[in-house]
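**Q** FYI, the numbering for the sequence shown is 1152 to 1450, going by the working numbering.
C-beta atoms are modelled at their ideal positions from N, C-alpha and C, and glycine is treated no differently.
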Amino acid sequence: MKVFKDRVAVITGGASGFGREFAIIGARLGMKLVLADVQQDALDKTKAELEAQGAQVLAMRCDVRHAEEVQALADAAMEKFGAVHLVFNNAGVGSGGLIWENTQADWDWVIGVNLWGVIHGVRIFTNLMLECAKKDPQFEGHIVNTASMAGLLNAPTMGVYNVSKHAVVSLSESLYQDLKLVEAPIGASVLCPYFVPTGISQSHRNRPEDVPGSAPTASQRAAQAMSDKAVNSGKVTAEEVAENTFKAIADEQFYIFSHPGALGNVQERMEDIVLQRNPGDPYKAAPHIRDMLRAKLKA
């Protein structure tokens, strides 16, 4: 996808973090924007800011766990703008702790947003975009699914999140191959950020009423503290990641990384698999972090 001006971009999780930065860049490029989020106040604020800059914006509250709400988003986008060219399946939440201590509600929420949200987005918007392409010989489209470096690694006390993001990487690679097979005028990318200050570590602020919480365990408290510290101390900004993502779209680049230097850890994991070694120590280079985490679990 080379042309962005006057094209239509749909962004889930569009009111904050990466989604908001995607919207800001899209507006600067002259795109028409469809923003979806569950946080109404942040959604309203982002919409107002973008419209003040002259952008055309449709903003809808949308819980991506629910297929009917994603379908309603797609229907509204078509009714207002008549086409969809660029889709960011970006909404995401985080949850931590020892994997056996996560409740079914934790699993339902994280898998519902991080995985089912992308599944609904891919299923609904790919079909819609293919229909748009039939009507427009010049159609160019692209789909970006937000995964994580956690979709390529498996750090302790992040099990639910890891599972959801590994599935998004697999879904995205499958989407890429299927689009190539049918020679569709639609590209695909997977975004795998590492620790970037976006608010992901405070996902519980948007935990819905139908997903009851429970008193956090020691491992969940420790995971929350470590996540807060790692995310908030990140040096790469969400704006920089968004800029690199738009460049990757134009360059037809599939894998997008915020921290390419972390790929050495991914390579070690792949070598463990190929050489049939047991999984390596994720804290080999920083054993003090493992020791600190263990101490918190025993406290």
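Which of the three DSSP states is assigned to residue 1247 in this structure?
**A** Correct three-state label for residue 1247: coil.
**Q** Quick one, which of 1381, 1338, 1336 and 1244 has its alpha-carbon nearest residue 1347's?
**A** Considering only alpha carbons, the answer is 1381.
**Q** Cβ of residue 1298 within 7 Å of Cβ of residue 1341?
**A** For residue 1298 and residue 1341, yes; Cβs fall inside 7 Å.
**Q** If you draw a straight line from the alpha carbon of residue 1220 to that of residue 1214, how long is it in whole angstroms?
**A** Rounded to whole angstroms, residue 1220 to residue 1214 spans 6 Å at the Cα level.
**Q** In this structure, what does DSSP give as the bridge partners for residue 1343?
**A** Residue 1343 pairs with 1408.
**Q** Taking 7 Å as the threshold (C-beta atoms), are residue 1203 and residue 1166 in contact?
**A** Their beta carbons are not under 7 Å apart, which means residue 1166 does not touch residue 1203 by this criterion.
**Q** Nearest to residue 1450 by alpha carbon, out of 1372, 1396, 1392 and 1199?
**A** Among 1372, 1396, 1392 and 1199, the Cα nearest to that of residue 1450 belongs to 1372.
**Q** Let me confirm a value: residue 1458 is counted as buried when at least 16 other C-beta atoms fall within 10 Å, else exposed. Which label applies?
**A** Any question about residue 1458 goes unanswered here, given that the chain covers just 1152 to 1450.
**Q** Does residue 1309 come out as helix, strand or coil in the three-state DSSP assignment?
**A** Looking at residue 1309 - three-state DSSP - the assignment turns out to be strand.
**Q** Is the beta carbon of residue 1170 less than 7 Å from the beta carbon of residue 1241?
**A** Yes, the pair counts as a contact, with Cβ atoms nearer than the cut-off.
**Q** What is the DSSP secondary structure of residue 1436, counted as helix, strand or coil?
**A** Residue 1436 falls in the coil class under three-state DSSP.
**Q** Go through its chain and collect everything with a Cβ distance to residue 1252's Cβ below 7 Å, but skip five positions before and after it.
**A** Hits under 7 Å: 1368, 1370 and 1371.
**Q** Hey, residue 1191 and residue 1216: beta-carbon distance below 7 Å or not?
**A** Result no, Cβ atoms of residue 1191 and residue 1216 do not sit closer than 7 Å.
**Q** Confirm, please, whether the CB-CB distance from residue 1374 to residue 1308 is below 7 Å.
**A** Yes. Within cutoff.
**Q** What distance in whole Å lies between the Cβ atoms of residue 1208 and residue 1184, which are believed to be in contact at a cut-off of 8 Å?
**A** Yes, they are in contact, since the Cβ atoms of residue 1184 and residue 1208 sit about 5 Å apart, within 8 Å.
**Q** Can you give, in chain order, each stretch of the beta strand (DSSP E) that sits fully within the stretch 1193 to 1223 and has at least 3 residues?
**A** Runs of the beta strand (DSSP E) inside the stretch 1193 to 1223: 1208 to 1212.
**Q** Below 8 Å, how does it come out for the stretch 1282 to 1296 and the stretch 1229 to 1247: are there three or more Cβ pairs, yes or no?
**A** Touching, per the Cβ criterion.
**Q** In angstroms, rounded to a whole number, what distance separates the CA positions of residue 1328 and residue 1313?
**A** Computed Cα separation, rounded: 23 Å.
**Q** Thinking C-beta only, is residue 1152 closer than 7 Å to residue 1338?
**A** For residue 1338 and residue 1152, yes; Cβs fall inside 7 Å.
**Q** Just the Cα atoms here: how many angstroms apart are residue 1361 and residue 1259?
**A** The straight-line gap from Cα to Cα measures roughly 10 Å.
**Q** Assuming residue 1236 is part of the alpha helix (DSSP H), what are its boundary residues?
**A** Counting along the chain, residue 1236 falls outside any alpha helix (DSSP H), and DSSP gives it neither H nor E.
**Q** What does the Cβ neighbour count give for residue 1271, buried or exposed, with the cut at 16 atoms within 10 Å?
**A** Buried: at least 16 other Cβ atoms inside 10 Å.
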